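J.: Chains as they are written, first to last, in the working numbering: chain Y, 218 to 570; chain B, 143 to 437. Please find one structure pasted underneath; my questions will follow.
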């Protein structure tokens, strides 16, 4: 989602090949298999969370990458046994849960009492918080780029090429915010086909200026690095990493749409009990603080801030820091559970017009 | 007596012919089994799955969706448009090259062939990204052209239909050239010489003698290119910038969106049926037999 180049077919094939590498027969009792998105994101997870948590529990954790919740479905439905835990966005977990392909998480084992409100669900234990933002090229606009979604959609005030996501996620919310809908009413307006059409019409109005529809975090980061577009929607952590690599990119938290990522367990996972304990371990604030050193995705456990586990300067860069969070809309997973297919088909229709 | 001998011979010959028949059948058997196991059964399964709805029961919902949403018809039109254009440009670029290669000495033709084959052996993904690096807004081609003052604004080569076509034609060209070149090499050069000796100008000799003889190779190449284009995924995804959505891309996004194979299978079935229909009509319009006789 955030870091993997998501050519779906390629990913499925790669995943199948990768899974074949796991030897299921010789899998010991104290070994867990976890999959995530690869790239800078999984590197942070591996060094900051996966391996230290495994060491603390005295178990072995093997890592691999995967292509998203459809891979989990593929595995569960075909009765294969490839991994015990996966890292996924809240929305992916929610749809997987609705499909009945995930184990319900046991919150008597996993302690989420210190989690920020709403940052865990029946099928997903929240681990980090990220934001979809509007990023601009500072070479084109200097410091005065599109600081709100209204700016992003204003092609007169901000002439230039844009990129938006090829998938519907967080794009409709941005369009409605640009259209003047107050933050607290967004999901109420979107709760009807008319509302969805209103958001799509807003995107239609700037469609000639949309040069690229991006499909992966790596792609939108590259678009900004290469100066291929003047502004794009995308994940904040990706832009921060690109900036460290020399990209001329900036963004304002006022465009932020917060979402979270966590861990889930596929239905029938062999090491389910151990997986549950391992997720409980990974929820500890020290791991989240360590992870956040590698990529600007904030902790879901508020203890990180309370215990001062993160330097103030770094904390200020996190989407979930109160100073940043107060400007932002929180993505509503329940809306996606209800409307995703309809909205996604309409979105594709708008793209192909 | 003589009649009897003939009959005996006849029986032996028939027996031999029959044995030969079985041998040939035996030789093709592994292939037939392979086709059955790897093509017929999966396609049948695909067809079956396309009638399974999200709740697991028999349903037409996967086909209804395609009728109700305009996106699907547009995606199919794009798929065929891109495939036809790619095939056309491949022929336009490939035919003269194959002709040139067939007219020069084998040694030089082999050197040319290396030029055709090296890109063919390079990963499709690498070549696709290479085009992106070369042709994007601040890519090599645009920055050099702007620096030289040839253009004032960068040209939008990629993230659109033209980018997709450039990438796909480059990847597909060897598939046209290889069968065409083999065909052209096999054409007896004396045929063209005979035409000339009878007074035909070089142009006339080419169009009335050489070109018709090269048509089987050309058709084979066109067919391979066209059919391979229909299933393209990576190149339009990368070079099309989301503006060129082909059937394969929608198939994969449908698996993700609907969590059901049926939503994706139905697209595959429609693509297969439409393709077969087009090839059937094309084969009626351009009679293959006619060309077969001429060559």
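Note that beta-carbon positions come from the ideal geometry of N, C-alpha and C, so glycine has one too. From a predicted model like this one, the values you see are computed outputs, not experimental measurements.
1. For a contact defined as C-beta to C-beta under 9 Å, what are the partners of residue 285/Y on chain B?
2. Can you name the residues of chain B whose CB is closer than 9 Å to the CB of residue 568/Y?
3. Which residues share a DSSP beta bridge with residue 332/B?
4. Along the chain, where does the beta strand (DSSP E) containing residue 448/Y start, and where does it finish?
5. Could you tell me the distance, in whole angstroms, from the CA atom of residue 474/Y to the CA atom of residue 415/B?
6. Going straight from the alpha carbon of residue 309/Y to that of residue 486/Y, what length do you get?
7. Examine chain B for any beta-carbon lying closer than 7 Å to the beta-carbon of residue 429/Y, and answer yes or no.
8. Going straight from the alpha carbon of residue 238/Y to that of residue 285/Y, what length do you get?
9. So with CB distances below 7 Å, who are the chain Y contacts of residue 308/B?
10. Identify which residue in 403/B, 260/B, 427/B, 394/B has its Cα closest to the Cα of residue 198/B.
11. Please return the same chain residues whose Cβ sits closer than 6 Å to the Cβ of residue 207/B, not counting the five positions on each side in sequence.
12. Taking 6 Å as the cut-off, is the CB of residue 175/B close to at least one heavy atom of the ligand ADP?
13. Less than 8 Å between the CB atoms is what I'm expecting for residue 279/Y and residue 248/Y, so what's the real figure, rounded?
14. So with CB distances below 8 Å, who are the chain B contacts of residue 444/Y?
15. Does residue 539/Y come out as helix, strand or coil in the three-state DSSP assignment?
16. Using a Cβ-Cβ cut-off of less than 8 Å, list which residues of the segment 188-219 of chain B approach chain Y; keep chain order.
17. Could you tell me whether the Cβ of residue 356/Y comes closer than 7 Å to any Cβ of chain B?
18. Which residues mark the beginning and the end of the alpha helix (DSSP H) in which residue 415/Y is found?
19. If we call anything under 7 Å between Cβ atoms a contact, is residue 243/B one with residue 323/B?
20. Taking Cβ positions only, does residue 401/B come closer than 7 Å to chain Y?
21. So with Cβ pairs under 7 Å, would you call residue 405/B a contact of chain Y?
22. Quick one: which chain B residues come within Cβ less than 9 Å of residue 472/Y?
23. Hey, does residue 163/B have any beta-carbon neighbour from chain Y nearer than 7 Å?
24. State buried or exposed for residue 187/B, treating a residue as buried only when at least 16 other CB atoms are found within 10 Å of its CB.
25. Quick one: what does DSSP say residue 301/Y is sitting in, helix, strand or coil?
26. Along chain B, which residues have their Cβ under 8 Å away from the Cβ of residue 432/Y?
27. Just the Cα atoms here: how many angstroms apart are residue 417/B and residue 402/Y?
28. Determine, for residue 411/Y, whether the minimum Cβ-Cβ distance to residues of chain B falls below 7 Å.
29. Compare the Cα-Cα distances from residue 404/Y to each of 559/Y, 549/Y, 566/Y, 567/Y and report the closest residue.
30. How is the alpha helix (DSSP H) around residue 552/Y delimited, first residue to last?
31. Rank 335/B, 282/B, 375/B, 329/B by C-alpha distance to the C-alpha of residue 313/B and give the top, closest one.
32. Using a beta-carbon distance cut-off of less than 8 Å, what residues from the segment 289-301 of chain B approach chain Y?
33. For residue 347/Y, count the other beta carbons within 10 Å of its own beta carbon; 16 or more makes it buried, fewer makes it exposed. Which is it?
34. What are the uninterrupted segments assigned as alpha helix (DSSP H) that are 4 or more residues long and contained completely in the segment 205-242 of chain B, given in chain order?
35. Given 8 Å as the limit, is there contact between the segment 453-463 of chain Y and the segment 162-175 of chain B, that is, 3 or more CB pairs closer than that?
36. If the cut-off is 8 Å on Cβ atoms, which residues from the segment 316-333 of chain Y count as contacting chain B, listed in chain order?
T.: Quick answer:
1. 398
2. 213, 384, 385, 387
3. DSSP, once it has assigned bridges, lists no residue as partnering residue 332/B.
4. 448-452
5. 43 Å
6. 18 Å
7. yes
8. Here residue 238/Y scores only 43 on pLDDT, less than 50, and its place in the model should not be relied on; the value that follows carries that caveat. Taking the straight line from one Cα to the other gives about 18 Å.
9. Within chain Y, no residue comes near residue 308/B; the closest Cβ sits about 16 Å away, beyond 7 Å.
10. 403/B
11. none
12. As for the ligand ADP, it is missing from this structure, which has no ligand bound.
13. 7 Å
14. 279, 280
15. helix
16. 207, 211, 212, 213, 216, 217
17. no
18. 410-422
19. yes
20. yes
21. no
22. Under the 9 Å cutoff, chain B gives no residues; its nearest Cβ is about 21 Å from residue 472/Y.
23. no
24. exposed
25. coil
26. 379, 384
27. 47 Å
28. no
29. 549/Y
30. 550-569
31. 375/B
32. 298, 301
33. buried
34. none
35. no
36. 316
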